[in-house]
Structures are given as structure tokens and as C-alpha cells.
Amino acid sequence: MADRTCPECNASVLRDNQRFCEKCGHHLDSSEPTKATTGGPETQATDPPKKPPPQPTTHESAADKPAADKPADPDAPISIRRPFEPLAETDPTDVGRYQLLVRLGAGGFGTVYLGQDEDGGLAAIKIIHPGLAADPTFRGRFRREVELGMRVRSQFTTRLLAADVDAPQPWMATEFVDGPSLSEAASKKPLDQNVVLAIAAGTIQALIDIHAAGVIHRDLKPSNILLTEAGPKIVDFGIARAGDQTAVTATGAVLGSPAFLSPEQVTQGESTEASDVFSWACSVCFAVSGQSPFGEGAPAALLYRVVQQDPEIPKLDAPLGDVIAASLAKEPGDRPTPAHIATTLGIPSGTDAAARRVVQQNWQLPGGFFDPVRPIGVKRRKADSRLLGKGQMIKTGIAVAVAAAIITGVVLSGGSDNGDGDGTAQPTGTPPPTNAVPLSTTTAAPSITVAATTTISTTTQVPVPEGLVASILEAQDATIRIDVTGTFQYPSDDEPLDLDSGGSGFIIDPSGLAITNNHVVAGASIIKVYVGEQEVPRSAQVVARSECSDLALIDIAGGGYDYFDWYDGEIQTGQKIYAAGFPLGDPEFTLTGGIVSKDQASTGLDTYWASLKHQIEHDARLNPGNSGGPLLTEDAKVIGVNYSGNESTRQEWAISVKEVLPILDELKAGWDVHSIGINGEAFYDYSEDRYGIWVVSVESGTPADLVGLQPGDLITRVENMAVGD
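Right, dumping it as C-alpha cells:
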């Protein structure tokens, strides 16, 4: 064959029928000219597999890392635009071939770090939380995410670089993208029409490539679209699935973000390529207006609008406006295919090269669009004599996660030599088997290390009361999923809605007393509670509530329940915490980890539901439906109540234990605290230029009910004080 090179990165193209560049992943369109080379030794290469190998536990290759991610000097100081935080004392320092530099944030199932290999290549490293690593079902889900990530190759998706699904804490490394999400960018200022067209073109081409690999994304939304200097990229296959597989969830579960789900995902739990098209159209609308075409508000109201109401489509130039309207059809069969959309947008061949031309022609970002770079202040460690070969990590500590050691009671001796000269401390007992096999030439087994100065002792045994949850691995046992039914009148809807909604909560007493957010149960006529892994619901009723603190105490039928204890220490910035709960409509328990960013947020956190005096700001991801669940310390003590989050700023909040404990006795006595008996939303009345509280529902027998307040009323003054004041 004639020698060729990739027109994108100049890497050798080794076979006539090669469809993808083995170095940069560029799609080699047969109609696109390639550059001639002077020849050289050929090596065997294969096309990306149409189906994943049976057990792809580890994927790691130096050729997979994009050249653009590598600094000219591997030892040069690193500066990035993305927000970051220093590593906490309990964070690992290495994983696989990567040194971990800083924290980038916390995802739904793990913490994300910036990592660097010995060649200077940067990657985003997601490490799964130890509480989930022990769950075989979750490991299966994570394995599937890795398998699907290996399938997809596109100019407009991030690439999987390495992974180990059998490590003590599973991890994956993906291409590091140093740019904001569409959610962050459009929340600040709606984007220009030409930029929106470029985003639409790049992301629809990404869907074509994703679907061509037999994958359905299922959770396309603005926060999963990153914006780079060259165009958009779709990320996160966390709840994606193969087109020929069923989802790993129970029947009726609703996975995804309510404002960007398709009607069939809401009503049937089904996802097809047409579902991704619907979510794509919602995301494009967000780029123009800063919100979903189905508005904002309570998740239950959003789901109702997605299924029953017409979208509010912002003004879009032709032909994009017409294709967006068609893509938001309620019936999947009435929506255009990604290929048809691509043709309409000027990508007739449906290839990366054609899409890239459309993106380049329209990618005209305003000055100051990207945040300035900031030095991370961390230097890459020099390789020492123990670096056995390319791809192997420098072993400098304990080759197990500290959190796992605390949970299992293993005693580790920091820094002792085990006789093989690697200086790695070994746990007593036999470690669990691993099937991790690197795809690179290295023979080193990937592992996670922490500084070897940690010493753990189990000399003193403290008896644990029966039923008390004392380990983060047992957090599910006392966490509850709450389903409610009620009638609500939202300001965005003309008529009252009969809705099913819900959230999370946690048990604080063996008798069945439990805490949740008031906004989870406000207006509910029926409350059903699922405890831990139980599939049969228990009935529950509200004992008392505090509207100002957004807290409700409920009583679950029965008794003999596992329960949590309260944290009584000082809340420290940087303290490790875990947010537990059940995503909306999903019976699968989630546990996300992070650290306390602020032990006391600087001002009262005002939302639709309450105004708090004491709240914790943290970075443990809260999914819709996690509201009311416990925020836990490493020893499973409740330090706060999950409350609210801001996806665009990556901020999450919990009601501090300091707010809960002072009123807990009053709630247990059945006294409402700072409550008048309404479930309301902050609202601005444009017609009268005034602020107020929109009454969504009224609790029977409360002061609000006794004075005649009804759903749909607008409260503008309280005791002669304007609500806006």
C-alpha cells in the first residue's frame, strides 16, 4: 500500500481500510486526502472493535494520549483554567501510571483528579469511592462504562486513556479538557447564534459516532458538554448503555436529569437513539437561553412538562430552529435521525472532517470567554531507580486505599520493606484477587497509593450499639428512599398537578423516626418509604416540620430499624464527607465522596424552600432525588442533611448538624418550628413588579389553612413587611 499519514496529527496510516487514526482517533474519511510519507517499518494495528472484549479490565497505551495534552517540557510548571483544589491528606497520590496533582471535583460516583504521567501527559482521573467499590452491582456498572468508553472514537468526545475496574478502588483516566461546560458558559451569558450552530454541529456528529459504536448516551445535558478552544466535546458515559443491552436498573427507574430527559425515558424508562436526539435539542436550547425548553423548578414538575406540555423554544436561526423543533417531538418516531440533522446543518457526509469544518467556520468565541490559567503549584516527582519501565508507577506508599483499611480494620506498617525491594507496606492477610491486565507492555499491576505515614490501629475496641450504623459501607441500611403523591400548583402551570415525586432521608432512631427535607414531603397526601435494599414500601407520616430550616421529621411504620448517630465534633474545612441517597426514581443507592469546602457558608442559603442559618458547602455530588439524605463523616456520623446544589458552579450544600440538633427535640414532640403550613416557591410577579411566595400546596390544619390560603395564591407581605424586603 502507499504510505500515508493522518491529516490531523501526521501519524502513520498503516492499512488501506483503516477507519481511525491510532494516535489521535481522527476518523479517516475515504474521501479525505491523506499525506504521503517517506515510508518506514509497519507495525500491526487493528480497527476499534465494534464490540468490547470480554474482560477489558485495563486500557492503557502511550499512543492513545493526545499530543496536545503533553507539555513540551514534562517538568514545566502546569497551569490550567479549570477550578481545582489541593489534594486532601486522605487523597491517593498515585494511580496506575499517573501521579495525582490536584482535585478537579466530585462526580456522581467518584472523585475526579488531574493526573500526569512520566511523559508529562495530563488526564482526568476518576476514582470510585470505597463505599461503592465493595458493591458488585456497581462494579458491573463501572465495567460497562469503561467498555462503552473504549468503543467510542470521535473528534467530539473525550477519549478513554486507561482504566482498572478490578483495583481496590476502580478508576479510569480520560482525556483532560481544560474548558468550561456548556452549563457553566451559558448560565453566565447566552451564546451567539454562530457558536450555538457550532455546538449543535459538533455534538450531533458526536452522537453519530457514539451510536455507530452501538452506544446510547442516555444523559446528554449541558454539564456533559465541554467547550474547548477547538469546539465542543461530549463527556461522561456513566449511565450510557449499549444499544443491544437493557439498563442495569430496576423496572420503572428514571435515570438522568429531569429537564433534559425525553418523554419515553420518563414514562417507560426506555432509551433509544431518538432519546439522545431529544436531549441534544434541549441542550442546544440551553446554549441560547440558559435554561431547558421545559423551564426550571421541582423535578416532578419538570418531568410532567416534558411529557405533557409543549417546549418553549428560543429564537434560533434557520435551519437550526426548524430541526430543533422537530427533534423535540413527543413521539420518538417523529424526530429526525442524527444523520438527517447533520445533513441539515451542512454536514452531508456525516463525518468528523465535515463536522469539524462547520465547527471551525462558526467557532467565534468572544474575548474573555475562557477563564485565565492558574498555576496548580504542584511539581511532578522525578522518577527514581524503582521505576522499572514505561507505564509503571513509582511505589512510594501503601498500595491500598486508606478508607478501605479503616473499614476492614487492617493494621498497616508504614514504609517497611517486604523483601522485594519496592518499599511498599503489605497488609496482614491475603489481598483480594485482581484480574487487572494492562494493555500496554508494562507488567506492573495498577494500584492506588497514599503517603506511607498513615498508621492505623485496632487495639481499642469500642462496642457498637445494636442497629447503629458505624461504617460507611453500611450507610445504605439506614438511608431511605421516599415516594410521595400529592396535588401541587406551580407558577409555571395553569392547573394544579397530581404528581408523584420524592427524595431521600435517613433513620435516626430504631423506632422508625427519620429526617428528610420538608420540600420532599410538603404537600404530600401519601408517603411511602423504602428502607435500604427493601423492595416493599412502608407507610410513613409527618410528625413535625420546620419550613425555615427545610427539615421534616417523619415516622415510618414498624420498628427495629438500623439508624445513624449525629456528629458532635468540630466541622473542619477539608474534612472528608460522603453524601448518601437515591437519585430521583432510581432504586439504586448512591454514595458520593468529597470534602467540606466551607464549614459555614458566608451567607444564608436562600432557595425555593427555605433560608438557612447554618449550612455546609462541599463538593460531594448531589443528584436530583438526593435531597434529604444524610451527609456523613468517614465513620458514618451524620454531619448534615443533603439540601441543594448548583451544577454550573459545582457547589453543593447540606443543612448543618448545627441547624438540626437545636430544634430536634421540638420536632420529636410534634411541634412545628418556624412554619405556617405552606409549600412555596420564591416568585417574581412581572405584571405588578413585586416579589412574593407562590403557594404550591397547603398543609391541612395549619395556620395557613385556617386563614384560607390556597394553592396558587401569592404571598407578598408578612406582618406588614414586603416579602422582597
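Whatever position you read off the sequence shown (first residue = 1), add 1381 for the working numbering. In this text, a Cβ means the ideal position worked out from N, Cα and C, and glycines have one as well.
Decide if residue i is buried, meaning its Cβ has at least 16 other Cβ atoms within 10 Å, or exposed.
i	result
Asn1898	buried
Asn2007	buried
His2055	exposed
Pro1549	buried
Ser1930	buried
Leu1607	buried
Arg2098	exposed
Ser1920	exposed
Met1531	buried
Met1553	buried
Pro2011	buried
Leu1793	Since pLDDT at Leu1793 reaches only 26, below the 50 mark, its modelled position is unreliable, and no value is offered.
Ile1509	buried
Cys1387	buried
Asp1733	buried
In angstroms with no decimal places, state the Cα-to-Cα distance between residue i and residue j.
i	j	result
Leu1972	Ser2025	16 Å
Ser1562	Ile1935	39 Å
Ser1660	Thr1724	19 Å
Asn1575	Ala1594	29 Å
Leu1986	Lys1994	In this prediction, Leu1986 scores a pLDDT of 47, lower than 50, which makes its location untrustworthy; no coordinate-derived value is stated.
Phe1751	Ala1505	19 Å
Pro1918	Glu1651	24 Å
Phe1523	Pro1551	8 Å
Gly1864	Gly1883	For the sequence presented, residue 1864 should be read as Asp rather than Gly. Near 4 Å, if we compare the C-alpha coordinates of Gly1883 and Asp1864.
Trp1947	Lys2018	5 Å
Phe1537	Lys1570	23 Å
Pro1695	Leu2090	35 Å
Gly1486	Val2076	36 Å
Thr1653	Gln1646	9 Å
Leu2045	Lys1507	38 Å
Lys1446	Gln1672	A caution first: Lys1446 carries a pLDDT of 37, below 50, which makes its placement in the model too unreliable to give a value.
Leu1495	Leu1481	6 Å
Ser1564	Pro1603	5 Å
Asp1890	Phe1945	8 Å
Gly1904	Ala1938	20 Å
Val1527	Lys1614	18 Å
Gly1886	Ser1927	15 Å
Ile1728	Asn1743	13 Å
Asp1715	Ser1708	8 Å
Thr2083	Leu2048	15 Å
So residue i and residue j are in contact, right, with Cβ under 8 Å, and what is the actual spacing, rounded?
i	j	result
Val1754	Ile1461	6 Å
Gly1962	His1999	Not quite, the Cβ-Cβ distance comes to about 14 Å (not below 8 Å), so this is no contact.
Val1658	Pro1719	6 Å
Ala1736	Ala1581	Rounded, the Cβ-Cβ distance is 10 Å, inconsistent with contact.
Pro1943	Ala2050	A small correction: the amino acid at residue 1943 is Asp; Pro does not occupy that position in the sequence shown. Not a contact, Cβ separation roughly 24 Å.
Pro1644	Leu1965	That pair is no contact at about 16 Å.
Ile1861	Val2022	The Cβ separation is near 13 Å, so there is no contact.
Gln1996	Ala2035	7 Å
Thr1471	Arg1484	Going by Cβ atoms, the distance from Thr1471 to Arg1484 rounds to 11 Å, so no, they are not a contact pair.
Ala1851	Leu2013	That belief does not hold up - the Cβ atoms of Ala1851 and Leu2013 are roughly 11 Å apart, past 8 Å.
Asp1545	Gly1477	6 Å
Asp1600	Ser1638	7 Å
Ile1722	Val1704	5 Å
Gly1940	Gly1893	6 Å
Comparing alpha-carbon positions, which option in the options lies nearest residue i?
i	options	result
Ser1656	Ala1706, Ala1699, Val1665 and Glu1712	Glu1712
Thr1539	Gln2091, Asp1559, Val1546 and Pro1551	Asp1559
Arg1525	Phe1537, Asp1547, Ala1505 and Ile1722	Asp1547
Glu1556	Lys1569, Ala1566, Arg1534 and Ser1568	Arg1534
Ala1469	Pro2011, Ser2068, Ile1958 and Met2102	Ile1958
Ser2081	Ala1960, Ala1925 and Tyr1942	Ala1925
Val2079	Gly2058, Gln1742, Gln1689 and Ala2063	Gly2058
Leu1578	Ala1938, Ser1978 and Gln1741	Gln1741
Val1910	Gln1922, Thr1584, Val1739 and Ile1597	Gln1922
Asp1500	Thr1386, Ala1457 and Glu1951	Ala1457
Val1902	Gly1913, Ile1585, Glu1916 and Ala1933	Ala1933
What residues match up with residue i in a beta bridge as DSSP calls it?
i	result
Ala1938	None; Ala1938 has no bridge partner.
Val1977	His1999
Ala2102	One point to set straight first is that residue 2102 is Met, not Ala, in the sequence displayed. Paired residue(s): Val2099.
Met1553	Lys1507 and Ala1544
Phe1465	Phe1465 pairs with nothing; no bridge assigned.
Arg1525	Answer is none; Arg1525 lacks a bridge partner.
Pro1756	Ser1460
Leu1495	Val1483 and Ala1505
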